[in-house]
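Numbering (my numbering), first residue to last: 107 to 218. What follows is a single structure, written as structure tokens, with notes after it.
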Ligand SMILES: Nc1ncnc2c1ncn2[C@@H]1O[C@H](COP(=O)(O)OP(=O)(O)OP(=O)(O)O)[C@@H](O)[C@H]1O
Ligand SMILES: [Mg+2]
């Protein structure tokens, strides 16, 4: 199993959620975060307002998936989240060692 973490522009959340849902992903965690990339957060336009600060608002998605789901999910996120402008975000993939569905006690891929 793998854990996909994607940092995206907040206004792209709905597009990305729809794209991922079409792949049959059963769950998703969303967190509002702040961060910076190579431009160090300077002079990036966000909803028309120019931020001159170090941290820009982003949305973090976390998706636990079978290993064979990683590639299609990454493709879907990239396609839905991309504007072609700076700050489109990043995707990180981790090995996921265990999962438990609390209500049923199912584990690992049965729990996803
Ligand atoms: N190396 C990193 N480690 C952790 N988080 C990162 C890293 N790089 C980017 N991020 C997160 O992703 C967000 C978006 O990064 P961003 O897309 O601006 O990266 P970039 O490398 O500057 O690419 P671009 O030149 O396209 O803007 C950041 O605000 C931060 O939250
Ligand atoms: Mg950047």
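In this text, a Cβ means the ideal position worked out from N, Cα and C, and glycines have one as well. Keep in mind that this is a model prediction, so the values were computed, not measured.
Give, in chain order, every unbroken run of the alpha helix (DSSP H) that is at least 4 residues long and sits entirely within the stretch 142–207. 176–187
Boundaries of the beta strand (DSSP E) in which residue 112 is found, first to last residue: 108–114
So, helix, strand or coil for residue 122, using DSSP? helix
Whole-Å CB distance - residue 197 paired with residue 208, under 8 angstroms assumed: Not confirmed; about 27 angstroms, so no contact.
Residue list, Cβ distance to ligand 2 heavy atoms smaller than 6 angstroms: 143, 144, 145, 192, 193
Once the 5 residues before and after residue 179 are set aside, which same chain residues still bring their CB inside 8 angstroms of it? 110, 126, 129, 131, 169, 171
Is the distance from the Cβ of residue 139 to the Cβ of residue 165 below 8 angstroms? yes
Using only the heavy atoms of ligand 1, determine whether one of them is closer than 7 angstroms to the beta carbon of residue 109. no
Grab me the residues of residue 116's own chain with a C-beta within less than 7 angstroms of its C-beta, minus the 5 sequence neighbours each way, in chain order. 163, 164, 165
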